[in-house]
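*Asks:* Let me begin by handing over the structure; questions about it come next.
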Amino acid sequence: MNKRYAVILAAGKGTRMKSELYKVLHPVCGKPMVEHVVDQVSQTGAESIVTVTGHGAEMVKEHLGSRSSYVLQEKQLGTGHAVMQAEELLGDKEGVTIVLCGDTPLISSETMEALFTHHQETGAKATVLTAGAEDPSGYGRVVREQETGNVLRVVEQKDASEAELAIGEINTGTYCFDNETLFRVLKQVGNDNSQGEYYLPDVIGILKDEGETVSAWKTPDFSETIGVNDRVALAEAEQTMKRRINTYWMRQGVTFIDDAQTYISADAVIGSDTVLYPGTILNGNVTIGSKCKIGPHTEISDSVVGSETVIRHSVVSESEVGSSVNIGPFAHIRPASVLADEVKVGNFVEVKKASFGKGSKASHLSYIGDAEIGSDVNLGCGSITVNYDGKQKYLTKVKDGAFVGCNANLIAPVTIGENAVVAAGSTITEDVPSQSLSIARSRQTNKENYIK
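Residues 832 to 1283 (my numbering) are what the sequence shown spells out, left to right.
Structure representation (structure tokens):
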């Protein structure tokens, strides 16, 4: 098999997005568009990926990192000019180069693989990925030879005749080329057109004039070829990607009570027999175990959740949650929290940068921040770790088996020993030894006849 390379065109600013954010960085299901493209082309075994940047180049590099090499198109003079910027990195290599647009987040590795295969089987110097469009407005038209079905030329809409405008087969902007031929022919592309730009499709006409074969592979799924140029197309891509992701997980054994109201990021992983209720949102790198019940109206971001865990009407961010854990309703698990197996965090409990050992409970109306909670600890209703003095934050430690009564304030830094008991209503400012009862409240005084 020929060696494979990829050039991703990501230099355009995207003025129609009317945004300060560089176009290809607009997210689709939680991931920048260009990152979707890189993810998919990486699965085809491409040895080298070159991303052509322009506006917002540093931000693109920050997102993609070492997964791609980069070249800069300082002036946006067309797609042909953009590909030429990659000559220094790819120009002398033997093999096949796929050229993709960074604003086509729905294109799949399966479609790319089919394009590579067709290109190799036909022995073409160039192969165009095409699609059938009910409304081809705005797309370049593919003109085929009647006898062979090979491509005769690709015509941009602005330069097309009336007969060419009637063609329903469109150029998707994705191509395979013999790599050395590509960079040789690009030097012959001119800019004598209505836009004064160097069009990559002009390579097709030059190859035809040289007597070379130019083939086309027509994808059966037009939605994969959508180029996102404005917020309307972005919303369409979001919905298509959402359906694709949800369908995939349903086929992996995940139950969606209402998939139209369930949002799963492209990077999420979900175990079988898990049930997702309406209003569930999984953002970023989320891993959910098997046999969980998530939702309704629950948001989990960049977190790991074990199996057989229930999370209802709650928010979990950048945290680790074990198996057989019960969270909610209306709980907030903030970043850097770790909940071991069989932990219970109940209604209106907020946990921040705290760890809970196995079987510990904070059932209701508590704030547990900057804390190390041991195993089998009971934190009563209204328990508070008072971690902040206005300048610094301090750690609270509650050892295994401790019992903290309702409305107790633990003034950090402080340690509650193993199997110790803190009486309800206490404000604890000093360490409590193991096996001890600590009471820190005023003795009750009744003033008889006070109301009279």
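Positions of the beta carbon are idealized from the N, C-alpha and C atoms, including for glycine.
On a Cα-Cα basis, can you pick out the residue from 1047, 909, 1172 and 1116 that is closest to residue 1141?
*Replies:* One-based indexing of the sequence shown puts residue 1141 at position 310. Cα-wise, what sits closest to residue 1141 is 1172.
*Asks:* Can you tell me which of the three DSSP states residue 1228 falls into?
*Replies:* Within the sequence shown, the letter at position 397 stands for residue 1228. Residue state, collapsed to three classes: strand.
*Asks:* Rounded C-beta distance between residue 1267 and residue 1251? I'm assuming under 8 Å.
*Replies:* As a working note, residue 1267 is residue 436 in the sequence shown. As a working note, residue 1251 is residue 420 in the sequence shown. Yes, they are in contact, since the Cβ atoms of residue 1267 and residue 1251 sit about 5 Å apart, within 8 Å.
*Asks:* So, with DSSP's three-state summary, where would you put residue 1062?
*Replies:* The count along the sequence shown starts at 1 and reaches residue 1062 at position 231. The answer is helix: DSSP assigns residue 1062 an H, G or I state.
*Asks:* Need the endpoints of the alpha helix (DSSP H) that residue 1012 sits in, please.
*Replies:* Your numbering for residue 1012 matches position 181 in the sequence shown. Annotation: the continuous alpha helix (DSSP H) that includes residue 1012 extends over 1010-1017.
*Asks:* Classify residue 871 as buried or exposed, calling it buried when 16 or more other Cβ atoms lie within 10 Å of its own Cβ.
*Replies:* As a working mapping, residue 871 is identified with position 40 in the sequence shown. Residue 871 comes out buried.
*Asks:* Please give me, in chain order, every unbroken run of the alpha helix (DSSP H) with length at least 4 that falls completely inside the stretch 971-1047.
*Replies:* 993-996, 1010-1017 and 1033-1040
*Asks:* Taking just the CA atoms, how far does residue 1167 sit from residue 1275?
*Replies:* Position 444 of the sequence shown, counted from the first residue, corresponds to residue 1275. Position 336 of the sequence shown, counted from the first residue, corresponds to residue 1167. Answer to the nearest angstrom: the Cα atoms are 40 Å apart.
*Asks:* Quick check: what's the CA-CA separation for residue 1115 versus residue 921?
*Replies:* Residue 1115 sits at position 284 when you count from the first residue of the sequence shown. Residue 921 sits at position 90 when you count from the first residue of the sequence shown. Their Cα atoms are separated by approximately 33 Å.
*Asks:* Alpha carbon to alpha carbon, how far is residue 863 from residue 857? Give it in angstroms, no decimals.
*Replies:* Numbered from 1 along the sequence shown, position 26 holds the residue referred to as residue 857. Numbered from 1 along the sequence shown, position 32 holds the residue referred to as residue 863. If you take the alpha carbons of residue 857 and residue 863, they lie about 5 Å apart.
*Asks:* Taking only the alpha-carbon atoms, compute the straight-line gap between residue 1200 and residue 1136 and give it to the nearest angstrom.
*Replies:* Residue numbering aside, residue 1200 sits at position 369 when the sequence shown is read from its first letter. Residue numbering aside, residue 1136 sits at position 305 when the sequence shown is read from its first letter. Using only the alpha carbons, I get a separation of about 20 Å.
*Asks:* Terminal residues of the continuous beta strand (DSSP E) containing residue 895?
*Replies:* The residue you call residue 895 lines up with position 64 of the sequence shown. Residue 895 -> not in any beta strand (DSSP E); alpha helix (DSSP H) instead, spanning 888-895.
*Asks:* Could you tell me whether the stretch 898-908 touches the stretch 1004-1018, using the rule of 3 or more Cβ pairs below 8 Å?
*Replies:* no
*Asks:* Could you compute how far the alpha carbon of residue 1159 sits from the alpha carbon of residue 1113?
*Replies:* What you label residue 1159 is simply residue 328 of the sequence shown in a count that begins at 1. What you label residue 1113 is simply residue 282 of the sequence shown in a count that begins at 1. About 16 Å.
*Asks:* I'd like to confirm the pairing. Which residues does DSSP put opposite residue 1198 in its beta bridges?
*Replies:* Position 367 of the sequence shown, counted from the start, is the residue given in the question as residue 1198. Paired residues: 1181 and 1215.
*Asks:* Name, in chain order, the residues that DSSP records as bridge partners for residue 949.
*Replies:* Taking the first residue of the sequence shown as position 1, residue 949 is located at position 118. According to DSSP, residue 949 bridges with nothing at all.
*Asks:* Identify whether residue 1136 lies in helix, strand or coil by the three-state DSSP scheme.
*Replies:* The sequence position of residue 1136 within the sequence shown is 305, counting from 1. Note: residue 1136 maps to strand in three-state DSSP.
*Asks:* Using the three-state DSSP reduction, which class does residue 882 fall into: helix, strand or coil?
*Replies:* Here residue 882 refers to the residue found at position 51 when the sequence shown is read from its first residue. The answer is strand: DSSP assigns residue 882 an E or B state.
*Asks:* Rounded to whole angstroms, what is the Cα-Cα separation between residue 1249 and residue 1203?
*Replies:* Along the sequence shown, one-based indexing puts residue 1249 at 418. Along the sequence shown, one-based indexing puts residue 1203 at 372. Using only the alpha carbons, I get a separation of about 13 Å.
*Asks:* List the DSSP bridge partners of residue 1241.
*Replies:* The count along the sequence shown starts at 1 and reaches residue 1241 at position 410. Paired residue(s): 1216 and 1259.
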